[in-house]
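Just below is one structure, and these are the notes that go with it.
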């Protein structure tokens, strides 16, 4: 039933490329002619090492990673990294800048504050998180060990389309929901981390990319298996890694390369999101509160002019195979997540449904002018 | 090629039940008629919650878990828990007893020592880890917050066949390599934890079972997502859990129930290991150094009378579809891991190969007398 008629707009775990699922399915009982399922492969053996090495190479190639950046595949999600970042990147008396752009940066800040003093360099609170905090008002701390941003706010539908200038302070970015969705000016970053369950692979895996010079001994309280330094020094094999998750991420990396890489993804993602935003902006039945320049291309957040119809919208969409359109519980409204694996046909189907739903509920008129 | 001719004796990740792999394969693109792969399911949705609830219920039923024990599915492996146990179970000025029975308990001790004073209540070092430390010589600390054992030493081939009396101090057991291999006298335990990649499911998931009265606020340094208390209070949904790993564990739990539960597993595991130990003990070509009463039923460690043939043994076995028989790198020799999913036919095939290998190398004679 996973047919062309079903489109999954979940914010993550969310849609995966069909080709990846089919390949994973085909070789689930016998991975790369090893006689073993990927689930059964010892992580110390040659078969798995080939898989992990290939995944790492494909990722480096996709992102254009310079040799002084290291890649770690760690268990857990971005929430775990919220705690691990200060313990790995700062001295115990260090401090950090965080920019508060929405739900997920607030989570990152709350957790970091358990470890170090945090300077909130800027906040979107005064705008109700409908835009990114204005650059002119950022108050960076020149003594901060790093400056943390959330490059795409999954719940609020905001994204950085230009990177901030952090004046020499290493930029650390939670890219959970937009990593691999567009090319990166990688050398602008000190650390990138991303939970896998959006554009990378299964929940329970986090990718950490770190520039060599930021590696230091982690705090004594940091679990050894979560020390970036220890994992880099042991070639990410200090303990058993999440092997199948790495395998699946590797399939996604290969799929991305076959699709033309991050440039091709960015073009497709721009077309998808622009089509949906244009439809919403032209309607008086749907609305999007986010400032146009800061809108996410991954998570299109919108709402109905008649909010009482929201549950009905979600239910009717679901019956038509358009799944998981409810907004984040903390934000409400509606949200369509358009990750790499969402085909353009999915967006077309969503727009057609939205037009019909608006027509049925009597306010389908386009705005005049 | 994952045919009856291939048997995987890896210590983990290791063999999974064929039926589980087939079911996972069948529904990989459409899980429980949701229209989504398990990899694509939002963890907050009903479809995944049903899967997680069912897994939890099946596990409780299998183990016979009383209501005052909680079950957590956490990302990462047992090595992560080595750090998290003291931070979750002890006050910051607490201390703990650990019994050193081999490779994995030494790892647990080294990591715990980074957090609290550890009393090594007993050690198998003086026996070269060829037997468990003699009960009469255990020196328990009545003020310890818990007493930690490694119920099955995967690398050394040792296992507790009777639980120790810890005199009121809560017993904490790393059961990574024998959880679900036999019925448990669960009320003897305060905490059980187990990395999934042996008898539960994929690498990257750890199961933690904890008695209510041991839940307390974790240390301030403990990442919130790894606080047992926080995860219990949020119904294991503080952050995105490793959804597919939980799904696969659930399939394994159902498989175990269909096979007759842990009693049936224990009987089968006893037959498998006894057949192999009996063959080894009767041979003068193979030997097992472990004390008979302490031998593991999961990991049969043995060696050749002519150690220089070890690599040749592993290579020939591999060519015959008997995979991953090398011992742990820290211990050497040979090891056949006989987890729940290893069929009795696999052990018969291994014994037949071992007999033929011994015959080819000229020392196939059974011991006289």
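Chains as they are written, first to last, in full-length UniProt numbering: chain A, 1 to 369; chain B, 1 to 369.
Idealized CB from N, CA, C, for every residue including glycine.
Not a single CB atom of chain B sits nearer than 7 Å to the CB of residue 63/A. Counting only the Cα atoms, residue 62/A lies some 51 Å from residue 289/B. Annotation: residue 192/B to residue 178/B spans about 11 Å, alpha carbon to alpha carbon. Residue environment for residue 148/A: buried (at least 16 other C-beta atoms within 10 angstroms of its C-beta).
Closer than 8 Å at the C-beta level to chain B, one finds these residues of the segment 240 to 253 of chain A: 240, 241, 242, 243, 244, 245, 248.
Counting the other Cβ atoms within 10 Å of the Cβ of residue 13/A gives 16 or more, which makes it buried.
Distance check between residue 75/A and each of 152/A, 34/A, 8/A, 195/A places 195/A closest, using alpha-carbon atoms only. For residue 105/B, the enclosing alpha helix (DSSP H) has its first and last residue at 103 to 112. In the displayed model, residue 191/A falls within a strand according to three-state DSSP.
DSSP places residue 148/B in the strand class (E or B) of the three-state scheme.
Per DSSP, residue 119/A is one residue of the beta strand (DSSP E) stretching across 118 to 123. Counting C-beta pairs closer than 8 Å gives fewer than three between the segment 110 to 130 of chain B and the segment 63 to 70 of chain B, which falls short of the contact rule.
According to the DSSP assignment, residue 20/A belongs to the alpha helix (DSSP H) that extends over 18 to 26.
In terms of Cα proximity to residue 213/B, the closest of 242/B, 170/B, 238/B is 170/B. Rounded to the nearest whole angstrom, the C-alpha separation of residue 255/B and residue 103/B is 31 Å.
For residue 69/A, the uninterrupted beta strand (DSSP E) segment begins and ends at 69 to 75. For residue 337/A, the uninterrupted beta strand (DSSP E) segment begins and ends at 334 to 337.
Nearest in C-alpha terms to residue 204/B, of all of 144/B, 244/B, 21/B, is 244/B. Here residue 327/B is buried, its C-beta having at least 16 other C-beta atoms within 10 Å. Here the segment 294 to 303 of chain B makes contact with the segment 317 to 337 of chain B; the two share three or more CB pairs at distances below 8 Å.
Counting other Cβ atoms within 10 Å of its Cβ, residue 88/A reaches 16 or more and is therefore classed as buried. In the pairwise beta carbon analysis, the segment 50 to 59 of chain B is classified as not touching the segment 214 to 224 of chain B: fewer than three pairs are separated by under 8 Å. Look at residue 351/B here: in three-state DSSP terms it is helix. In the three-state scheme derived from DSSP, where H, G and I count as helix and E and B as strand, residue 283/A is classed as strand. Residue-level contact check: residue 80/B touches chain A, since one or more beta carbons of chain A fall below 7 Å from its beta carbon.
Here residue 351/B is not near residue 285/B, since their CB atoms are 7 Å or more apart.
With distances taken between CA atoms, residue 248/B lies nearest to 58/B out of 11/B, 58/B, 226/B. Counting only Cβ-Cβ distances below 7 Å, residue 114/B has contacts in chain A at 220, in chain order. Going by DSSP, residue 246/B is part of the alpha helix (DSSP H) stretching over 243 to 258. For residue 58/A, the uninterrupted alpha helix (DSSP H) run begins and ends at 46 to 63, by DSSP.
For residue 213/A, DSSP records no beta bridge to any residue. Bridge pairing for residue 301/B: 335/B [DSSP]. By the 16-neighbour rule on beta-carbons within 10 angstroms, residue 165/B is exposed. Residue 83/B has a beta carbon lying within less than 7 Å of a beta carbon in chain A.
What residue 111/A touches in chain B, judged by beta-carbon distance under 9 Å, is 223, 224, 225, going in chain order. As a beta-bridge residue in DSSP terms, residue 153/A pairs with 158/A.
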